[in-house]
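These notes concern the structure reproduced below.
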Amino acid sequence: MTDHAKPNAPGLDSFWMPFTANRQFKAAPRMLAGAEGMYYTSVDGRTVLDGTAGLWCVNAGHGRRQISAAVEKQLMTLDFAPTFQMGHPIAFEFAERLAEIAPGEGENKLDRIFFTGSGSESVDTALKIAIAYQRSIGQGTRTRLIGRERGYHGVGFGGISVGGLVNNRRVFPQIPADHLRHTFDLERNAYVKGQPDYGMELADDLERLVALHGAETIAACIVEPVAGSTGVLPPPKGYLERLRAICSKHGILLIFDEVITGFGRLGSPFAANYFNITPDLITTAKGITNGSIPMGAVFAARKVHDALMHGPDGQIELFHGYTYSGHPTACAAGIATMDIYRDESLLTRATEVQDAWHEAIHSLKGLPHIIDIRTIGLIAGIELSPRNGEVGKRAYDVFVDCFEKGLLIRVTGDIIALSPPLIIEKSQISDIVSILGDALKRAA
Ligand code: PMP
10 MTDHAKPNAP GLDSFWMPFT ANRQFKAAPR MLAGAEGMYY TSVDGRTVLD GTAGLWCVNA
70 GHGRRQISAA VEKQLMTLDF APTFQMGHPI AFEFAERLAE IAPGEGENKL DRIFFTGSGS
130 ESVDTALKIA IAYQRSIGQG TRTRLIGRER GYHGVGFGGI SVGGLVNNRR VFPQIPADHL
190 RHTFDLERNA YVKGQPDYGM ELADDLERLV ALHGAETIAA CIVEPVAGST GVLPPPKGYL
250 ERLRAICSKH GILLIFDEVI TGFGRLGSPF AANYFNITPD LITTAKGITN GSIPMGAVFA
310 ARKVHDALMH GPDGQIELFH GYTYSGHPTA CAAGIATMDI YRDESLLTRA TEVQDAWHEA
370 IHSLKGLPHI IDIRTIGLIA GIELSPRNGE VGKRAYDVFV DCFEKGLLIR VTGDIIALSP
430 PLIIEKSQIS DIVSILGDAL KRAA
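For the sequence shown, the tail end lands on 453 under the numbering used here, and the numbers increase by one without skipping.
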């Protein structure tokens with residue numbers, strides 16, 4: 010446990026922590042002080058294996074000199090410059106680099122890049138682009154947005170509106186949105202490696218919403234190709250294909266939220282490549298700069314972008330943008346990140362270790378309280394039964410125990426989510442399973 014009473018340790022009152030039980034945390038804080046490669050160091054000097062790539066973002070591992078050198082150089086060359094009616098070369102350069110790995114072909118190629126500062130901003134941006142696009146092609150009545158139960162799309166008003174996380178929605182007003190049912194048949198699909206067999210017909214729920222509201226009212230449907238933050242739910246075989254077909258049939262834009270799956274998590278640049286489906290918009294963040302500098306980007310299909318590029322001379326085509334859109338320092342970090350991904354083949358690295366990953370994680374089956382294990386790419390979800398009906402308590406105890414024994418995991422409800430940096434070695438996979446397995450036994 011962290012000794013927070015050390016001389017010069019900061020007080021804990023001022024920082025209002027996000028997505029944290031503040032009072033509980035501050036009574037027994039867990040603090041990280043440094044990071045290198047696959048490991049964090051805690052303030053009390055312990056080494057902690059990073060089982061979550063930070064928050065699904067540090068794909069190339071921690072402490073990358075190439076990124077810090079690029080950031081320092083950029084800060085001293087051009088620290089900040091606006092991108093409203095002004096430009097700087099590095100933003101264009103980074104957009105081009107991203108366009109090189111964008112999925113799709115021809116007018117469906119997603120190589121038009123809108124920069125944001127985070128995943129939440131990317132989601133709100135994509136939803137607004139979808140509505141603006143529909144309007145620009147004479148479909149101004151299409152303003153309705155469709156998300157999915159158990160979807161997580163960040164915390165902007167757009168994101169919580171299409172998101173299906175009850176706790177995120179309960180307190181706040183939302184813009185009207187509808188949700189596809191997401192009752193994945195966990196029992197029939199239990200303990201599956203990769204995509205489950207059952208449930209592609211769940212995509213037909215989109216037809217229900219089309220029949221209910223009329224296609225002419227619906228602008229876009231947004232899904233995470235693999236739901237991450239709500240408990241690691243890979244799509245059943247055929248599900249995303251069917252969703253794509255229904256969207257195309259009814260003129261609805263399909264948005265993949267790839268804030269987690271983007272940049273190699275599944276062993277391909279994007280989940281769109283992995284599942285071989287081309288959405289109309291992709292939202293990204295996190296791995297875009299290896300988590301080093303806050304940044305996000307929306308990848309838009311050319312046809313979506315081009316439809317908005319008209320109107321009177323001098324007119325701003327999309328009335329939207331952020332002070333930090335295309336921030337030079339973030340772009341420098343992003344370019345250095347893409348260099349590392351390319352030079353170390355990290356965007357496909359998950360394919361090399363995923364068999365070992367699946368085997369190792371599924372070997373935990375049979376330990377007390379585990380009711381399901383789901384793995385895809387370099388992601389794993391291990392679902393526990395709630396303790397005495399109290400959701401999240403058991404998983405939280407496992408999380409605290411793991412941290413004390415030198416492993417960072419993430420829990421969401423009673424589901425343990427794992428997503429290590431893509432540089433992970435097989436021995437470190439074994440370490441994850443061994444520390445986690447012991448913690449699960451103790452939790453019994
Ligand atoms: N979309 C998805 C799928 C996410 O997983 C997240 C963050 N975990 C977000 C959006 C929001 O990203 P951010 O926290 O950077 O706003």
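Using N, Cα and C, we set each Cβ at its ideal position, and we do this for glycine too.
From a predicted model like this one, the values you see are computed outputs, not experimental measurements.
task: Return the chain-ordered list of same chain residues with a C-beta closer than 6 Å to the C-beta of His314, the five sequence neighbours on each side being excluded.
output: Taken in chain order, the residues that qualify are Arg121.
- prompt: What residues come near the ligand PMP, if near means a beta carbon less than 6 Å from any of its heavy atoms?
  reply: Matched residues: Ser127, Gly128, Ser129, Val132, Tyr161, His162, Gly163, Glu233, Gly237, Ser238, Asp266, Val268, Ile269, Ala294.
Element boundaries [beta strand (DSSP E), containing Arg352]: Per the sequence presented here, residue 352 reads as Asp, with Arg not at that position. Boundaries for Asp352: no beta strand (DSSP E) harbours it, while the alpha helix (DSSP H) harbouring it runs 337 to 352, taken from the DSSP string.
field: Spatial neighbours of Phe302 in its chain, beta-carbon cut-off 7 Å, leaving aside the 5 residues before and after
entry: In the sequence as presented, Phe is not what sits at residue 302; that position holds Ile. Sequence-distant Cβ neighbours of Ile302 in its own chain, meaning closer than 7 Å and more than five residues away, are Val80, Thr338, Ala339, Ala342.
query: Can you tell me whether DSSP reads Gly381 as helix, strand or coil?
result: Per the sequence presented here, residue 381 reads as Asp, with Gly not at that position. If DSSP states are grouped into helix, strand and coil, Asp381 belongs with the strands.
query: By how many angstroms is the C-alpha of Thr357 removed from the C-alpha of Pro395?
result: Near 36 Å, if we compare the C-alpha coordinates of Thr357 and Pro395.
- request: Tell me whether Ile444 sits in a helix, a strand or coil according to DSSP, three-state version.
  value: Three-state DSSP puts Ile444 in a helix.
- request: Could you name the residues that DSSP lists as bridge partners for Cys230?
  value: Beta-bridge pairing links Cys230 to Ile155, Leu263.
task: Check Val409 in the structure and name its three-state DSSP category.
output: Val409 falls in the helix class under three-state DSSP.
query: Taking DSSP as the reference, what is the three-state secondary structure of Leu376?
result: Here Leu376 sits in coil by DSSP.
- prompt: How many angstroms separate the CA atom of Gly276 from the CA atom of Gln148?
  reply: So the alpha carbons of these two residues sit roughly 37 Å apart.
- prompt: Taking buried to mean at least 16 other C-beta atoms within 10 Å of its own C-beta, is Val180 buried or exposed?
  reply: Exposed: under 16 other Cβ atoms inside 10 Å.
task: List the endpoints of the continuous alpha helix (DSSP H) containing Glu130.
output: Per DSSP, the continuous alpha helix (DSSP H) segment holding Glu130 begins and ends at 128 to 145.
- prompt: What residues in its chain sit with their C-beta under 7 Å from that of Arg9, if we drop five residues either side in the sequence?
  reply: With the chain represented from 10 up to 453, any question about residue 9 goes unanswered, as that position is not in the structure.
- request: Using 10 angstroms around the beta-carbon of Met10, count the other beta-carbons present and answer buried if the total reaches 16, otherwise exposed.
  value: Reliability of the predicted coordinates at Met10 is poor, the pLDDT of 43 falling under 50, and the value obtained from them is presented with this limitation in mind. Met10 comes out exposed.
One or two residues paired with Val57 in a DSSP bridge: DSSP, once it has assigned bridges, lists Tyr49 as partnering Val57.
- prompt: Which of the three DSSP states, helix, strand or coil, is assigned to Gly305?
  reply: Three-state DSSP puts Gly305 in a strand.
- prompt: Taking the beta strand (DSSP E) that His71 falls in, what are its first and last residues?
  reply: No beta strand (DSSP E) contains His71, which DSSP labels as neither H nor E.
Within-8 Å CB hit, Ala345 to chain B: Judged by its chain identifiers, the structure shown contains no chain B, having just a single protein chain.
Gly70 to Leu376 span [Cα, whole Å]: Spanning the two alpha carbons is a distance of roughly 30 Å.
query: Val67 by DSSP, collapsed to three states: which one?
result: DSSP, reduced to helix, strand and coil, places Val67 outside both helices and strands of the structure shown, so it counts as coil.
- prompt: With a CB to CB cut of under 7 Å and the five nearest residues on each side skipped, what residues in its chain are close to Ala14?
  reply: A caution first: Ala14 carries a pLDDT of 45, below 50, which makes its placement in the model too unreliable to give a value.
message: For the alpha helix (DSSP H) containing Leu427, name the first residue and the last one.
response: If you look at Leu427, you'll find it isn't in any alpha helix (DSSP H); it sits in the beta strand (DSSP E) that goes 424 to 427.
task: Please classify Glu434: does DSSP put it in a helix, a strand, or coil?
output: Per DSSP, reduced to three states, the secondary structure at Glu434 is coil, with no helix or strand assignment.
query: Sorted by chain position, which residues of the same chain lie with C-beta nearer than 8 Å to Val400's C-beta, five sequence neighbours on each side aside?
result: Gly422, Asp423, listed in sequence order.
message: If I measure Cβ to Cβ from Glu225 and keep anything under 6 Å in the same chain, skipping five residues before and after, which residues do I get?
response: Correct list, in chain order: Thr150.
message: Please report the distance separating the alpha-carbon of Asp266 from that of Ser238.
response: Taking the CA atoms as reference points, Asp266 sits about 12 Å from Ser238.
message: Going by DSSP in three states, Arg396 sits in which element: helix, strand or coil?
response: Assigned with DSSP and collapsed to three states, Arg396 falls in strand.
task: Verify whether the separation of the beta carbon atoms of Tyr142 and Leu262 is less than 8 Å.
output: The criterion of a C-beta distance shorter than 8 Å is satisfied by Tyr142 and Leu262.
query: Counting only runs that start and end within the segment 74 to 132, where is the alpha helix (DSSP H) found for 4 or more residues in a row?
result: Within the segment 74 to 132, complete alpha helix (DSSP H) segments of at least 4 residues are found at 74 to 86, 98 to 109, given in chain order.
- prompt: Exposed or buried, which one is His222 when buried takes at least 16 other CB atoms within 10 Å?
  reply: When all chains shown are included, His222 counts as exposed.
field: Euclidean distance between Cα positions of Phe272 and Pro205
entry: Taking the straight line from one Cα to the other gives about 23 Å.
field: Collapsed DSSP secondary structure at Ala18 in the structure displayed
entry: Ala18 falls in the coil class under three-state DSSP.
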